[in-house]
Amino acid sequence: MPASLAKRTINPKTANGAYTQSQRDAQRAALILAGTEQARQSILLPSPPDATNITFQFINNTVAPPTGGTIFLSTLASFPALEGSSVAMAIGFMNPCALNTPHIHPRANEFLTVVQGSLIGSVMLERDSGFGNADAVLANYTGMLFPKGKVHWQFNNECEPAVFAAAFDDADPGRAEIAAQFFSGLPADTEFSATGNQLDTLSPEQISKLRDSIPSTFVTLSQDCAKRCGIPA
């Protein structure tokens, strides 16, 4: 059985460990209204040297195959201290054979660095005559830039877990899943050519089945890789 990543508990002396979501929302609202850096400091650091409000705990929620893994984000919703900072962060825990499904970040560039294991990173290119990918094998401590608005994905093609750290240049980078958004946005009575050949069409019933089968999770499992690595489906 391939190794999996150990789960760790959340640190209570962090912003996401010490407060409820409603408390974090209230803190963010106060930061938005703060007119000066001194006012921000009084909100974020009211009792120095306590740094709870500017500390964040990333945790791995899904640790055992056949789950693909989890991506834990620090954004405005979970970490109010980011208000006004123009930065956000994600830690991705990708189990063996995990695919971080094709997606875009509509408001941010992403600089992703592998800190454990190995991943394949890919950016889908814009071209007038067809499409292509720019791919790279990201070994430990190798980074890759995923430009704002570009479709991209990462895949762990190994039988060992991998971890990445990803920085964003917007505190609210957003994420849009390509397949899920495309099929969920189609009208229920749509019928269209899947290949450009009018003999090959997707009926409304087929589209509905596709819509229901597309995973809603950030990270899914490659079945071919799972079979090679001895991971039960």
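The sequence shown begins at 1 in UniProt numbering and counts up one residue at a time.
Yeah, the Cβ is synthetic: ideal placement off N, Cα and C, and Gly gets one too.
Around the C-beta of Val137, fewer than 16 other C-beta atoms lie within 10 Å, and the residue is accordingly described as exposed. Restricting attention to Lys227, Arg228, Asn133, Ser78, the CA atom closest to the CA of Arg24 is found in Ser78. Shortest Cα-Cα distance from Pro80 to any of Gln21, Glu37, Ala134 involves Gln21. Inter-segment contact for the stretch 52 to 71 and the stretch 11 to 21 is present: three or more beta-carbon pairs are separated by less than 8 Å. Burial state of Thr75 is buried, judged by a 10 Å Cβ sphere holding 16 or more other Cβ atoms.
Nearest C-alpha to Ile32 among Arg107, Leu125, Ser122, Ser85: Ser85.
The residue from Phe168, Asn61, Pro161 with its alpha-carbon nearest to that of Lys148 is Phe168. For Ala226, the enclosing alpha helix (DSSP H) begins and ends at 223 to 228.
Looking at the DSSP output, Glu177 shares a beta bridge with His103. Distances from the CA of Val114 to each of Arg228, Ala39, Lys227, Gln154 were compared; the closest alpha carbon is that of Gln154.
Around Pro102, the same chain offers Val151, Trp153, Ile178 as residues with beta carbons nearer than 6 Å, after the five sequence neighbours per side are excluded. Bridge pairing for Asp135: Ser122 [DSSP].
Here the alpha carbons of Glu160 and Cys225 stand approximately 11 Å from one another. Contact between Ile91 and Phe72 is confirmed by a C-beta separation of about 5 Å, below the 8 Å threshold. Annotated as proximal: Met144 and Gly121, with beta-carbon spacing under 8 Å. According to DSSP, Thr142 shares a beta bridge with no other residue. In terms of CA proximity to Asn140, Glu158 leads the group Lys227, Glu158, Gly174, Ala26.
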